[in-house]
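Quick note, the sequence shown lines up with residues 70 to 506 if you use our numbering.
Scroll down for the structure; my scribbles are underneath it.
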Amino acid sequence: MFHENGPGHGLETFTYDRNMVPVKLPRWRSALIIAFSTAVVSLALLALTASLFSHDPSLHDEPMSDADWIVTGATLVVQAIALVLRVRWPVASMLLIAVLPLGLASVQPSSAFTLTVLPIIVSVFLTGLSNTVSRLSIWALFTAVIVASGQWVNSLGAGEENMIASAFGALGQAAIVVLLPLMPAVFIASQRALSAAQRETVNALTRERDAQIGEALARERSTMARELHDIAAHHLSGISLMAGAIARQIGTDPEVARDGALQIREQSRAILDDLRRLVGLLRDDDDQGLKTLATIADLVTAVRSSGAEVELQIQAGEGTDPGRRVGPLAQLAGYRMVQESLTNALRHAPGSSCTVVIDGADPEALHLTVCNTARDSTGEAQTTRSGETHTSGSGLGILGMVERAALIGGTCEAGPDENGGWVVQMTIPRDPDRGIS
């Protein structure tokens, strides 16, 4: 069993379950444990004091009767019980624990009176943890006055003749009893408040990041709709033209009309294949979690399963993550660039060989490259701009990637390479505030 600072109520008490996992106890049970522990320690100190007094009478001015010991012990027990009240009334509990020794000094002054400060110290510390400095300062002052009054009354009742010296001594003891536990309690409470503020700042930044990601995902869905429209428009326009020609030729030239029908069938197969590939790449990913650089490998595997030839190369220092110090929004942008580049290669360069390179060796930035070499029906290499459409496409593929890169402070470029292929490159700056993770 152990104790730890809890939010707003002083110490929270924990125990372990059968799997050795810390479990927070209810507040009343926590208060009972603290009260019981305080009572045990106080009574143990009282017994030790009684033993010392019996062996060395010079330690006290006046001998203490059994009634003195009993009343003092009862006061310590009642003080410990009053600690339980802090769950509902922390300030009232602190004042009550301070008043009880004053009552003891008024009816039964004793040499063991000093032992009553232990429950007061515990109470002040716990109350300091659960209250602000501005709210606690006035009550801490009242507590110090009560403690000083009790000490002063006990000194006078025990035979002290110098009232002024006794008063200054009582004030000094009260200052120690109250300030000693109050200062660390206030420090711990302030640190806890600071941690809470930092957590709230992190939560606010997380909410802002999630909003940005949501906006990015919405734009991606719009892009998906445009891409689907481009594919359908390209093929369906051809089908419509061929269907019109067949209608005119079916009566005059059935053989030509038959060839046209076969072409319509091939066009229909082509549009279905393209739609399957695009939807497979650009389907809604909400149920699968946020896409990151780590999920590019899954994307490449999915593209390979459609029959495309894709190679993935990851370049990073040994034992390092290429996506280190790259935020989630930036990782999503990188993933989308690779996704859209592969999609465009499938659309406009069927049969091409694609290579995806994740270069994380640069400590200042992450570099992503997607290149493809298109092949025509004869197997000869030809230059095909995978970021643009052949016919009626929107031409917004490259523009969308550039805008996505600009959103995260990076750059994106696309164009033919020296070997006649097509290359898309994105540079993502690393975030120095994210440490090494």
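Idealized CB from N, CA, C, for every residue including glycine.
Own chain residues within Cβ distance below 6 Å of residue 435, not counting five before or after: 395, 429, 497
DSSP-derived helix/strand/coil call for residue 418: coil
Residue 378 vs residue 440 beta-carbon contact at 8 Å: no
Within 8 Å, strictly: CB atoms of residue 188 and residue 111: yes
Inter-stretch contact at 8 Å, needing at least 3 Cβ pairs: the segment 362-376 / the segment 248-256: no
Local Cβ density within 10 Å of residue 267, reported as buried at 16 or more and exposed below that: exposed
Own chain, CB closer than 6 Å to residue 310, minus 5 neighbours either side, in chain order: none
C-alpha distance - residue 118 paired with residue 223, whole-angstrom precision: 17 Å
Among 318, 315, 420, 407, the one whose alpha carbon lies nearest that of residue 483: 407
CA-to-CA distance, residue 368 to residue 476, given in whole angstroms: 23 Å
Continuous beta strand (DSSP E) stretch holding residue 158: start and end: That residue, residue 158, is in no beta strand (DSSP E); it is neither H nor E in DSSP.
Residue-level contact to chain C via CB, residue 146, 8 Å cutoff: Of the chains in the structure shown, none is chain C; there is only one protein chain.
Contact belief for residue 247 with residue 196 at Cβ below 8 Å, rounded distance in angstroms: No, residue 247 and residue 196 are not in contact; Cβ-Cβ is about 11 Å, not under 8 Å.
Exposed unless 16 or more other CB atoms sit within 10 angstroms - verdict on residue 49: Nothing can be reported for residue 49: it is not among the residues displayed for the chain, which extend from 70 to 506.
Among 261, 185, 219, nearest to residue 198 - alpha-carbon criterion: 261
Residues bridged to residue 408 [DSSP beta-bridge criterion]: Partner(s): none; residue 408 has no beta bridge.
Whole-number beta carbon distance between residue 193 and residue 250, since they are thought to touch under 8 Å: 5 Å
Opening and closing residue of the alpha helix (DSSP H) in which residue 188 lies: 186-198
Rounded C-alpha distance that separates residue 356 from residue 190: Reliability of the predicted coordinates at residue 356 is poor, the pLDDT of 44 falling under 50, and the value obtained from them is presented with this limitation in mind. Approximately 55 Å between the Cα atoms of the pair.
Nearest residue (CA-CA) to residue 376, options 334, 360, 421, 333: 421
Beta-ladder partner(s) of residue 484, from DSSP: 492
Residue interval of the alpha helix (DSSP H) (run including residue 145): 135-151
Completely contained beta strand (DSSP E) runs for the segment 225-257, where each covers 3 or more residues: none
Reduced DSSP secondary structure (H/G/I, E/B, other) of residue 177: coil
Where residue 324 falls, given that 16 or more other Cβ within 10 Å makes a residue buried: exposed
Beta-carbon proximity of residue 362 to residue 281, cut-off 8 Å: no
Supposed contact pair residue 184 and residue 114 - C-beta distance, whole angstroms, cut 8 Å: 6 Å
Backbone CA spacing between residue 312 and residue 329 [nearest angstrom]: 8 Å
Rounded C-alpha distance that separates residue 217 from residue 273: 47 Å
Local Cβ density within 10 Å of residue 182, reported as buried at 16 or more and exposed below that: buried
Reduced DSSP category for residue 395 - H, G, I as helix; E, B as strand; rest coil: coil
Cα-Cα separation, residue 275 to residue 139: 60 Å
Other residues of its chain near residue 105: CB distance less than 8 Å, five sequence neighbours each side excluded: 149
Terminal residues of the beta strand (DSSP E) in which residue 381 lies: 378-384
Bridge partners - residue 434, DSSP secondary structure assignment: 498
Cβ pair residue 144, residue 165 closer than 8 Å: no
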